[in-house]
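**Student:** This is the structure I want to talk about, given as structure tokens.
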Ligand SMILES: Cc1cc2nc3c(=O)[nH]c(=O)nc-3n(C[C@H](O)[C@H](O)[C@H](O)COP(=O)(O)OP(=O)(O)OC[C@H]3O[C@@H](n4cnc5c(N)ncnc54)[C@H](O)[C@@H]3O)c2cc1C
């Protein structure tokens, strides 16, 4: 496949989700930027939220990601299926940490 | 003197936008980039049909030729992503997902003649339109797809689809696919009854689609929790469900596991929509009449009268009689070397899929350019065709094969013999983008 061929497939795949990608970027950036202006770094202390919510997101994603594709975890069958699902769920768990960790930091400061 | 192009001149703003979005994600894949160098020609190239094959070869040749005049002939203004119709008829997609405008895909430089070819006259290098207008060519590419012959089933009319008479057909049109979904829902809400699913006695596009419709309907029936109240039967004119032995056996087994009665060597002959009765001719036996609550009609398919009556078709006595005659590897007509084929219209085993069109387009472009330059035709089509066989709403198998049913898997890590969620996601999310990239001539 050529370079522009690959880009074209990526482009058409992303097209219906551009709004979601933009929303997720904003949800990621807003707490990060605000917290960083108040001294936050990845090493800062989080809280209950950043400890328990990312694993919860991971577990929920195992069920919700197949449902989002109009399928179900019952049809996750081959090792490739499991790798894809676990990979996507870990990704969402990490994303949740990036969102909740600075939020918890800001809450800690307020308290 | 031919215009000199800067290397980036053919990159459109749309391409640049794609570049900015996609570069981060697929940067490393750039190493695989490659393109055909432009060839100078003054030839007038006429493409018949602006469907999947016609549009993709028009885009490819626009990029790889300089000075050529390209004309495409078709009346259809809307372009449909037909592989999505099974999802529409299964209640998974809405209609809008499969509809775009032909003009969105055609390069501006291509001359679009809104007409239908009624006659091919290859001895005089011209085609004659239904209006009587003749269009002369130096090179002809036939991409006219196939004709759905509902008229060969007595009493059948596409207007009956979705009218509460229990008739559905995913093939007829986008509206018919949506109406098929309505008719299936109507049957399910009745709470019981018989559904008859069919295969045609001819070659068909996407041979997996009638099976997919059966599997997604079974899924919906099972979801009611009252599957035993419904009777599902499947009719095969040839005794076979699928051309590749492994998948044929798989579907047979699955049908028996899911309580589907198979009637082999039964061909749908007539429909009495008001009485909800279907008549079948049975090989070696008497005609049989079946009552139904839902009937999935798959019509016989042919190449269309204009082609069938021309010297460009395989003649009676040859294999693939009535379909376009091409060398199945070079896609060139053996009798008229300036005539080429792409897509469903060609007479060859299987290969009536958009996945095949993707391969045809590459081979055709390469051989077409070679021929213009007087070089031997070295690109060879390997018969590749593919069909993500949906076995339930949410799972599918990636069926890919070539000549002689040889499996040709594209991804070493996807087991072509296993049902998979990943393959379903590919079908539901990735194949439409890949199809659009194919239309643009990018893959
Ligand atoms: C329900 C369904 C499910 C499918 N599922 C899949 C799938 O899962 N995977 C897959 O790969 N493929 C699938 N396909 C098949 C795929 O859509 C076709 O193989 C593909 O569209 C063929 O491209 P084509 O250019 O040959 O024909 P088409 O795309 O049908 O285009 C033919 C064009 O030619 C025009 N034309 C016809 N006659 C003339 C004439 N005389 N003069 C001028 N123009 C003319 C028509 O108007 C049309 O625009 C499916 C198809 C259907 C209907």
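Chains as they are written, first to last, in our numbering: chain A, 1 to 111; chain B, 1 to 443. Ideal Cβ placement from N, Cα and C applies to all residues, glycine included. In this text, all values refer to a predicted model and were calculated from it rather than measured experimentally.
1) By Cβ distance, which residues of its chain are closer than 6 Å to residue 58 of chain A, with the 5 residues on each side in sequence left out?
2) When we look at the beta-carbon of residue 113 of chain B and count the other beta-carbons within 10 Å, is it buried (16 or more) or exposed?
3) Return the chain-ordered ranges of every alpha helix (DSSP H) run that is complete within the region 113-142 of chain B and spans a minimum of 4 residues.
4) I want to know whether the region 134-148 of chain B touches the region 34-54 of chain B - three or more CB-CB distances under 8 Å.
5) Nearest CA to the CA of residue 349 of chain B: which residue from B/362, B/386, B/361?
6) Tell me whether residue 359 of chain B counts as near ligand 1, meaning its Cβ is closer than 7 Å to at least one heavy atom of that ligand.
7) Taking the alpha carbon of residue 336 of chain B as the reference point, which residue from B/90, B/248, B/311 has its own alpha carbon closest?
8) With a threshold of 8 Å between beta-carbons, can residue 9 of chain A be considered close to chain B, or not?
9) How many whole angstroms separate the CB atoms of residue 128 of chain B and residue 136 of chain B, which I take to be in contact at a CB cut-off of 8 Å?
10) Quick one: which chain A residues come within Cβ less than 9 Å of residue 144 of chain B?
11) In chain order, what residues of the same chain have a beta carbon less than 8 Å from the beta carbon of residue 430 of chain B, not counting five sequence neighbours either side?
12) Going by CA-CA distance only, name the one from B/360, B/270, B/371, B/123 that's closest to residue 40 of chain B.
13) Quick check: is the beta carbon of residue 227 of chain B nearer than 8 Å to any beta carbon in chain A?
14) Could you check which residue in B/334, B/399, B/424, B/59 has the C-alpha nearest to that of residue 84 of chain B?
15) Could you check the C-alpha separation between residue 46 of chain A and residue 20 of chain A for me, to the nearest Å?
16) Starting from residue 271 of chain B, follow the alpha helix (DSSP H) in both directions and report where the run begins and ends.
17) Just the C-alpha distance for residue 405 of chain B and residue 3 of chain A, rounded to the nearest angstrom, thanks.
18) If you draw a straight line from the C-alpha of residue 417 of chain B to the C-alpha of residue 214 of chain B, how long is it?
19) Using the three-state DSSP reduction, which class does residue 169 of chain B fall into: helix, strand or coil?
20) Whole alpha helix (DSSP H) runs in the region 33-73 of chain B with 4 or more residues, listed along the chain?
21) Verify whether the separation of the beta carbon atoms of residue 433 of chain B and residue 13 of chain A is less than 8 Å.
22) Quick check: is any heavy atom of ligand 1 less than 7 Å from the C-beta of residue 103 of chain B?
23) Residues of the region 54-84 of chain B in Cβ contact with chain A at a cutoff of 7 Å, in chain order, please.
24) What number of angstroms, rounded off, separates the C-alpha of residue 392 of chain B from the C-alpha of residue 78 of chain A?
25) Span of the alpha helix (DSSP H) holding residue 82 of chain A?
26) Whether or not the region 215-228 of chain B and the region 101-110 of chain B are in contact is what I'm after, with contact meaning three or more pairs of Cβ atoms, one per stretch, closer than 8 Å; do they touch?
27) Taking just the CA atoms, how far does residue 384 of chain B sit from residue 204 of chain B?
28) For residue 327 of chain B and residue 333 of chain B, I'd like the C-alpha separation in whole angstroms.
29) Cβ of residue 209 of chain B within 7 Å of any heavy atom in ligand 1?
30) Give every residue of the same chain whose Cβ lies closer than 7 Å to the Cβ of residue 201 of chain B, excluding the five residues on either side of it in the sequence, and list them in chain order.
31) Excluding sequence positions up to five away, which residues of its chain have a Cβ less than 6 Å from the Cβ of residue 260 of chain B?
32) Between the beta-carbon of residue 358 of chain B and the beta-carbon of residue 426 of chain B, is there less than 8 Å?
33) What residue from B/364, B/320, B/317 has the CA that sits closest to residue 339 of chain B's CA?
34) When you compare only the Cα positions, how much space is there between residue 445 of chain B and residue 287 of chain B?
**Tutor:** On the basis of the data shown:
1) Only 89, 93 meet the Cβ criterion.
2) buried
3) Counting whole runs of 4 or more residues, the region 113-142 of chain B contains no alpha helix (DSSP H) stretch at all.
4) yes
5) B/386
6) No, the Cβ of residue 359 of chain B stays beyond 7 Å of every heavy atom of ligand 1.
7) Of B/90, B/248, B/311, the residue nearest in Cα terms is B/311.
8) yes
9) Going by Cβ atoms, the distance from residue 128 of chain B to residue 136 of chain B rounds to 10 Å, so no, they are not a contact pair.
10) Here the premise fails: no neighbours, minimum Cβ distance about 26 Å.
11) none
12) Taking only the C-alpha atoms, the option nearest residue 40 of chain B is B/371.
13) no
14) B/424
15) 26 Å
16) Premise fails: residue 271 of chain B lies in the beta strand (DSSP E), 266-272, not in any alpha helix (DSSP H).
17) 31 Å
18) 19 Å
19) coil
20) 52-64
21) yes
22) No - ligand 1 has no heavy atom lying nearer than 7 Å to the Cβ of residue 103 of chain B.
23) none
24) 16 Å
25) 79-110
26) no
27) Rounded to the nearest whole angstrom, the CA to CA distance from residue 204 of chain B to residue 384 of chain B is 16 Å.
28) Their backbone Cα atoms lie some 6 Å apart in a straight line.
29) yes
30) 237, 267, 300
31) 232, 234
32) No, these two residues do not count as a Cβ contact at 8 Å.
33) B/364
34) The requested residue 445 of chain B is not part of the displayed model; chain B covers only 1 to 443.
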